[in-house]
Amino acid sequence: MTITQLKYVLAVAEHQNFTRAAQKTFVTQPTLSMQIQKLEDQLDVQIFDRSKKPIELTDIGAKIVHQARNIVNEANRITDIVDQQKGYIGGEFKLGVIPTVMPTLLPMFLTNFINKYPKVTLKIEELNTDQIIERLEEGHLDAAIAATPLENPNIKERPLYYEPFMAYVPNNHRLSEKNLLEPSDLDTHDLLLLEDGHCFRDGVINLCTTPRNKDKEKFTLESGSFETLVKLSNEGLGMTLLPYLHTLDMPAKEQELFKEFKEPSPAREVSIIFHKSELKMQIIEALRSTIAGVVKGAITFQNVQIISPLNR
Numbered sequence: 001m002t003i004t005q006l007k008y009v010l011a012v013a014e015h016q017n018f019t020r021a022a023q024k025t026f027v028t029q030p031t032l033s034m035q036i037q038k039l040e041d042q043l044d045v046q047i048f049d050r051s052k053k054p055i056e057l058t059d060i061g062a063k064i065v066h067q068a069r070n071i072v073n074e075a076n077r078i079t080d081i082v083d084q085q086k087g088y089i090g091g092e093f094k095l096g097v098i099p100t101v102m103p104t105l106l107p108m109f110l111t112n113f114i115n116k117y118p119k120v121t122l123k124i125e126e127l128n129t130d131q132i133i134e135r136l137e138e139g140h141l142d143a144a145i146a147a148t149p150l151e152n153p154n155i156k157e158r159p160l161y162y163e164p165f166m167a168y169v170p171n172n173h174r175l176s177e178k179n180l181l182e183p184s185d186l187d188t189h190d191l192l193l194l195e196d197g198h199c200f201r202d203g204v205i206n207l208c209t210t211p212r213n214k215d216k217e218k219f220t221l222e223s224g225s226f227e228t229l230v231k232l233s234n235e236g237l238g239m240t241l242l243p244y245l246h247t248l249d250m251p252a253k254e255q256e257l258f259k260e261f262k263e264p265s266p267a268r269e270v271s272i273i274f275h276k277s278e279l280k281m282q283i284i285e286a287l288r289s290t291i292a293g294v295v296k297g298a299i300t301f302q303n304v305q306i307i308s309p310l311n312r
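For what it's worth, the UniProt record's numbering labels the leading residue of the sequence shown as 1, then goes sequentially.
Structure below.
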C-alpha cells in the first residue's frame, strides 16, 4: 500500500470517474486503474462498484476513503513541518470565501498579500458555507473565510474581525425617524432578505424577534445581491440589512439612509477557518495577519453582540 495509491482512490471517490481522476492526478487512466486494482487485490475487497454509473463506493470502500484521507493529510504534514522549519511560505493554497465577504474583503487585502508573499499561489473560490465545510472536510480546500461560529468539531476558527449589521431604511419607512434601532424594531414582513443558502440571511433571521408569517406577506422576494435589495428598498418595498463593509463604497445619498443599532451592536464574526489537521498553518497565519491588519483601520466598533450564522 502506498500514499500514491491512496491519492488515486481519493481522486476516483471525488470525481466518480476513472478518466477524470487520472486527469486530475496527472497520470494515464490505465496506470491509475492498475494501481487501484493492485490495492484492492492486496486488501481483498472492492473499493468501488464499477457497475454503477457514475462509479460508487462500496460500504467498505467508504470506510477506506475516510481513513485514506486521514493518512494522506498526515503524510502532507511532513512537508509542512519541513517548510515551517525552513521558514518557507509558498506553494499552492486553495481558499474559499463566502459571497457576502468576497466583494468587500478581497480588494482590501489581496494585493498586500500577493506582494508580501510572492511564492504563494492563491486559488480563490466563492462558495457558500455548506460547500466550504464539505470541501474542508474532504481536503479540497486549505482554508476559508466565513461567518462563525460554525460549531463543527472538524473545523477550527480564528476570528479576523467583527462586522456590525447596518439597517438600510428609506425615507418613507416607519423606522425612518429613529436614530438608533433595536432588534425588536425589526419586522420580518417588511425586511428584504438574501436568498436561501447565504449565512448572512440566517444571521438576519436569527436577529429578528418576530417570526415570519407567510399569510401576511404581500409578496415574496429573495435576492443574491445586496444592491438589488437596496434598490427595492428605495422603491418602497421594505428595508434591508447589510454588513458594515458593504456600506462604505455606496453613494453618499444612500449612505445617509443607513442606521446603526444600539450597543451592543448586532454583528457577525468573520473568521479564517481550516481543518483540525492544521495543514499549511504558516500560510494560514500569513493570511490572518494580513487581513487583520487591513481591516483594523476600517472597522472600529468594539461593543458588539455576535449573531449566529447557523440556520436554527
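C-beta atoms are modelled at their ideal positions from N, C-alpha and C, and glycine is treated no differently.
DSSP places Val169 outside any alpha helix (DSSP H), giving it a letter other than H or E. DSSP assignment within the stretch 76–123 yields the following whole alpha helix (DSSP H) runs of 4 residues or more, N-terminal first: 102–116. Listed in chain order, the alpha helix (DSSP H) runs fully inside the stretch 228–280 are 244–247 and 252–255, counting runs of at least 4 residues. Looking at the DSSP output, Leu192 bridges to Thr240. Pairwise C-beta distances place the stretch 93–113 out of contact with the stretch 50–60, as fewer than three of them are shorter than 8 Å. Contact annotation: Glu278 and Lys156 have beta-carbon atoms nearer than 8 Å. DSSP places Pro183 in the helix class (H, G or I) of the three-state scheme.
For the pair Ala22 and Val9, the Cα-to-Cα distance works out to about 10 Å. For Gln282 and Ile89, the gap between their C-alpha atoms comes out near 6 Å. A straight line joining the alpha-carbon of Asn17 with that of Leu32 spans about 11 Å. Check the Cα spacing between Ser225 and each of Arg201, Thr290 and Ser265: the tightest is with Arg201.
With respect to the C-alpha of His140, the residue from Glu14, Leu181, Glu74 and Glu235 having the closest C-alpha is Glu14. The Cβ-Cβ distance between Pro170 and Met239 falls below 8 Å. One alpha carbon belongs to Ala68, the other to Thr148, and they sit about 29 Å apart.
A straight-line Cα-Cα distance of about 47 Å links Ile47 and Gly293.
With 16 or more other Cβ atoms inside 10 Å of its own Cβ, Lys7 counts as buried. When DSSP reads this structure, Pro159 sits in a beta bridge with Ser271. With respect to Arg135, Ser271 sits apart: the two C-beta atoms are not nearer than 8 Å. In the DSSP annotation of this structure, the continuous segment of the beta strand (DSSP E) that includes Ala144 starts and ends at Ala143 to Thr148. Only residues of its own chain outside the window of five on either side were considered, and among them Leu245 and His246 have a CB closer than 7 Å to the CB of Thr104, listed in chain order. Distance between Ile36 and Ile133, taken at the CA atoms: about 28 Å. In the displayed model, Leu127 falls within coil according to three-state DSSP, outside both helix and strand. Exclusion of the five residues before and after Leu150 leaves no residue of its chain whose Cβ lies closer than 6 Å to its Cβ.
Within the same chain, Pro164, Phe165, Phe301, Asn303, Val304 and Gln305 come within 8 Å of Ser265 by CB-CB distance, once the 5 residues on both sides are set aside. Here DSSP, grouped into helix, strand and coil, assigns Phe48 to strand.
In the structure shown, Leu175 falls within a coil segment according to DSSP collapsed to helix, strand and coil. In the DSSP secondary-structure assignment, Leu57 is bridged to Phe48.
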